[in-house]
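Protein chains in written order, with the working numbering: chain G, 174 to 840; chain B, 88 to 492.
Structure representation (structure tokens):
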């Protein structure tokens, strides 16, 4: 079906929250017009009708500009306008079986990072009865049997027995999906009775929905009315010859889904034009709804070209069925740009729905990194799991994007059956005194009723739970420590969207402990997931280039120096903007806030007393920073954060910092 | 209270405005739910797909403390030579396999004619089919190539796991425990080592969580003081009952109930600590040689202390004395009764399920739209008047629930 929409809806059906948004092509570009969200039992169409009625009441001309006929009713528009739908994939459990403990850990790491609930065993440590119990559990939906590409002696002697054991379990439970990774794939012939056989090559179920997989509604905008995208496209197609570091030996089976954007699921092609964003481009304006009358934020706004050209938006089917695969051959757990990447990709594809919301967020993050030409780190914390995704541009002209991500079940703010470590994490971030049993009960209650008591003490407890989840996600992605601090940190997920912006900034400062200067933003309309469901990378980039400043609510900037020594003063900060110049003294151990409203850019000159690290080591630093709802935060608590291990002292320190950023907390 | 036939009731919450519909609807009853009984390697089923089951009918047998046994070479007809080894196996996938299995079960715990006829019709040759994963196996030391040391060698039973190098590994044990169905229904799926799924015939009340072993008993609704039941009220006179125990279960109440052979407890909430105590108690009981009666508990709201909602309490009071069952997956209180007396409720009757007003009930007045609540958090609110309050209160919509049948 081909049409020429000038507006569309995005819907994100999360496990606890339903979010909807309206995008329209107005004023010559795509804009986020309105958004709303509520508990998952809210009817999405009802939310959309409410938003549309609000637009119809306040600015009916806007509806006409978005393509609505003058006599069209709200109900008919809600029914007929195209939709981008993302959905949280229900939790699934995988049983990881290996010959050795070493291999088991690798496999478990890859599976856990792919978002699976992981139960595992190895022949070294567990007897066949224990392993059978894992496989025959009715909770288990898939089995991962893996070995090194060339299994060592410790694995090789166990593999024949493990293959027999797994084959027997699959005969009893033919609904299980089996993944043979690395050297275990050599035993494929032992599973000839498994109904379907597929390999990870040629795409996997978790790839972005694309035109050869699902029914789609294709919409090509008229050239004269479409947003200007020619240069965006030309930039995308201007990919230079692949840099040498992209020639890493990745298993051919998973190249289609590799994490190197532009040569992977993005499907980007090499072309001739090497033009890039030019200074003559115009700047997009900020979200009219959320930051009314604010100037464009130069730190999250894409530079848009002025020329016009056609843009196609392809809307995948709202709910494509999950892929049915019973036997998958996958690379070994060491394959990939980062060890385990390739296997993780295959397992993600096996687990997730084609329009999975979290994978959508990861895809949107990669597209944002390209569009904004900066490193982007997104943290999304939900009820069923959490995601941390990092994308960096690299290579000559920054035409390629390198991405990595971790989607972790334990990254949920309220994981099922919380372990002692989870409770320790929550208690360590809580500013309320709680005994362990009460903390477990509260966490379990949030699991049952995710929107319960979202105000008052409940909000404080949720913040602690979210920080603990954030910490678990960062722990699960150790490669972040080797990277420079991200230039843009995006917080996503309902738990962040419901908290005051300054508190979210503080949470990011508490957890993103990397020396450097970062811009902070929130995906306040929760549209990164649905926009990631756009299968075509070009289209997604084009659209994000239009709406980046609308969908990312600027929180401000964060300056995090490392190596600040205790003392009376740490140095001075001088902030120069077009309107004012302010200067403050910096105090070690504090988190200091300088007012810098959204849309304002400023130049910060910082002079430290000590030799500190802020990207590089030195005393004097200069950085351009952007404003936001919480202003400029200078975190002088050192990296790692200097805080007492004693619970009472730690709680008091956290409360002091929190109270400074959240004065309404006692209301 | 008015007696309304369940099958004829209008289930939709018609007449509810869009604003009121934003308050989550809590179904007081669900009909014909499917319940699951999990099995593990070494466990076998006594039923197969399509069988009708009634309360008390054996549906499975669990092997307590199974161990990995090397059964050696297992022939197709070898097992059936001894009466004790004529057992079922796990159907791989096909229904005919399930039918074959049914014939091999011993003793035939058959309560309906269909299964009995199937048993008779099964030929001897079918019983001698070759071993396969999940098939029931029974043997002693001599079956594993060891000479018998005594005249009465220890016999172990369990299910075949897999064959490696021509030798079968088995999950087997000496002690077994029969699992009886606590509900009436039809078997949807039954697989050795995996589980049994039954579609319940009747209605059930959903709970937030349940623990223990599925159990059945008569419903006992004692008088609660301030929504609580003192542990001392759980005496031997309530043996065999499923007792409504008030807003929250204590560890003491659970221990006492088990000691008094009470079959189950129903409460508004139960803490994680009490659940862990129960789990430990179950393990101890299982490890002991004394047979135990199944015991289960169900919390209707969750973990934080909340009194049982008055409409639910009224429904339970109306069912007092009838046979009910607690099943744990999903957490349900099952009534086999064909007719369930439903309380009459106005559609705008609401209850605070969380937050500072948790447990209070009243009437919904109107929507408050986006509202600034404690700590400066903006949430969609509703204006309600709680019972015994003269003034209306604004509460986050997400903290409220309303009841639907």
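Built from N, CA and C at the ideal position, the CB exists for glycine as well. Keep in mind it's a predicted model, so treat the numbers as computed, not measured.
Asked: May I ask which residues mark the beginning and end of the beta strand (DSSP E) holding residue 602 (chain G)?; Found: Careful: residue 602 (chain G) lies outside any beta strand (DSSP E), inside the alpha helix (DSSP H) at 593-602.
Asked: Whole-angstrom Cβ separation of residue 297 (chain B) and residue 224 (chain B), contact assumed at under 8 angstroms?; Found: At roughly 33 angstroms, the Cβ-Cβ gap does not stay under 8 angstroms, so residue 297 (chain B) and residue 224 (chain B) are not in contact.
Asked: Taking only three categories from DSSP, how would you classify residue 166 (chain B)?; Found: Because residue 166 (chain B) sits at a pLDDT of 41, beneath the cut-off of 50, its placement in the model cannot be relied upon, and the point is left open.
Asked: Check the Cβ-Cβ distances between residue 174 (chain B) and every residue of chain G, and say whether any is below 7 angstroms.; Found: In this prediction, residue 174 (chain B) scores a pLDDT of 37, lower than 50, which makes its location untrustworthy; the coordinate-derived value is nonetheless stated afterwards. Output row for residue 174 (chain B): interface = no.
Asked: Give me the Cα-Cα distance between residue 548 (chain G) and residue 686 (chain G), rounded to the nearest whole angstrom.; Found: 16 angstroms
Asked: Using the C-alpha atoms, what's the distance from residue 389 (chain B) back to residue 249 (chain B)?; Found: 41 angstroms
Asked: Buried or exposed, going by whether 16 or more other CB atoms sit within 10 Å of the CB of residue 261 (chain G)?; Found: buried
Asked: In chain order, what residues of the same chain lie with their CB nearer than 7 angstroms to the CB of residue 398 (chain B), ignoring the 5 residues before and after it?; Found: 115, 430, 432, 490
Asked: Assuming residue 730 (chain G) and residue 676 (chain G) form a contact by the criterion Cβ under 8 angstroms, report the distance between their Cβ atoms to the nearest whole angstrom.; Found: Actually they are not in contact, since the Cβ atoms of residue 730 (chain G) and residue 676 (chain G) sit about 16 angstroms apart, beyond 8 angstroms.
Asked: Distance cutoff 7 angstroms, beta carbons only. Does residue 629 (chain G) sit that close to anything in chain B?; Found: yes
Asked: Quick one: residues in its chain with C-beta nearer than 7 angstroms to the C-beta of residue 147 (chain B), no 5 flanking neighbours on either side, listed in chain order?; Found: 124, 126, 130, 131, 132, 133, 266, 283
Asked: According to DSSP, is residue 231 (chain G) part of a helix, a strand, or is it coil?; Found: helix
Asked: Report buried or exposed for residue 784 (chain G), applying the criterion of at least 16 other Cβ atoms within 10 angstroms of its Cβ.; Found: exposed
Asked: For residue 123 (chain B), return the contacting residues in chain G, with the cut-off set at a CB-CB distance below 9 angstroms.; Found: 311
Asked: Who are residue 696 (chain G)'s beta bridge partners in DSSP?; Found: G:725
Asked: Using a Cβ-Cβ cut-off of 7 angstroms, state whether residue 757 (chain G) counts as contacting chain B.; Found: no
Asked: What is the rounded straight-line gap between the Cα of residue 357 (chain G) and the Cα of residue 221 (chain B)?; Found: 24 angstroms
Asked: Quick one: residues in its chain with C-beta nearer than 8 angstroms to the C-beta of residue 330 (chain G), no 5 flanking neighbours on either side, listed in chain order?; Found: 272
Asked: If contact means a Cβ-Cβ distance below 9 angstroms, which residues of the region 436-450 of chain B contact chain G?; Found: 440, 441, 442, 443, 445
Asked: Name, going along the chain, the residues of the region 130-143 of chain B whose beta-carbon falls closer than 8 angstroms to a beta-carbon of chain G.; Found: none
Asked: Taking only three categories from DSSP, how would you classify residue 344 (chain G)?; Found: helix
Asked: Check whether the region 589-602 of chain G and the region 570-577 of chain G are in contact - that is, three or more C-beta pairs closer than 8 angstroms.; Found: no
Asked: Closer than 8 angstroms by beta-carbon distance: list the chain G residues that pair up with residue 248 (chain B), in chain order.; Found: 301, 302, 305, 338, 341
Asked: What residues in the region 249-270 of chain B bring their beta carbon closer than 7 angstroms to a beta carbon of chain G?; Found: 249, 250, 251, 256, 258
Asked: At a CB-CB cut-off below 7 angstroms, which residues of chain B make contact with residue 164 (chain G)?; Found: One cannot answer for residue 164 (chain G) here, as it falls past the ends of chain G, which runs 174 to 840.
Asked: With DSSP collapsed to three states, give me the class of residue 607 (chain G).; Found: coil
Asked: Using a threshold of 7 angstroms, state whether the C-beta atoms of residue 165 (chain G) and residue 769 (chain G) are closer than that.; Found: For chain G, the structure presents residues 174 to 840; residue 165 (chain G) sits outside this window and is missing.
Asked: Can you find a C-beta in chain B that's less than 7 angstroms from the C-beta of residue 198 (chain G)?; Found: no
Asked: State the start and end residues of the unbroken alpha helix (DSSP H) segment that holds residue 674 (chain G).; Found: 674-684
Asked: Please state the DSSP three-state secondary structure of residue 464 (chain B).; Found: coil
Asked: On the DSSP bridge list, what partners appear for residue 205 (chain G)?; Found: G:196
Asked: Using the beta-carbon count (16 or more within 10 Å), is residue 366 (chain G) buried or exposed?; Found: exposed
Asked: Does chain G have any CB closer than 7 angstroms to the CB of residue 473 (chain B)?; Found: no
Asked: So is residue 300 (chain B) in contact with chain G if we call contact Cβ pairs under 7 angstroms?; Found: no
Asked: Compute the minimum distance between the beta carbon of residue 629 (chain G) and the heavy atoms of the ligand FAD, and state whether it is under 6 angstroms.; Found: Of ligands this structure carries none, so the ligand FAD is not represented either.
Asked: Tell me, please, which residues DSSP counts as bridged to residue 292 (chain B).; Found: B:420
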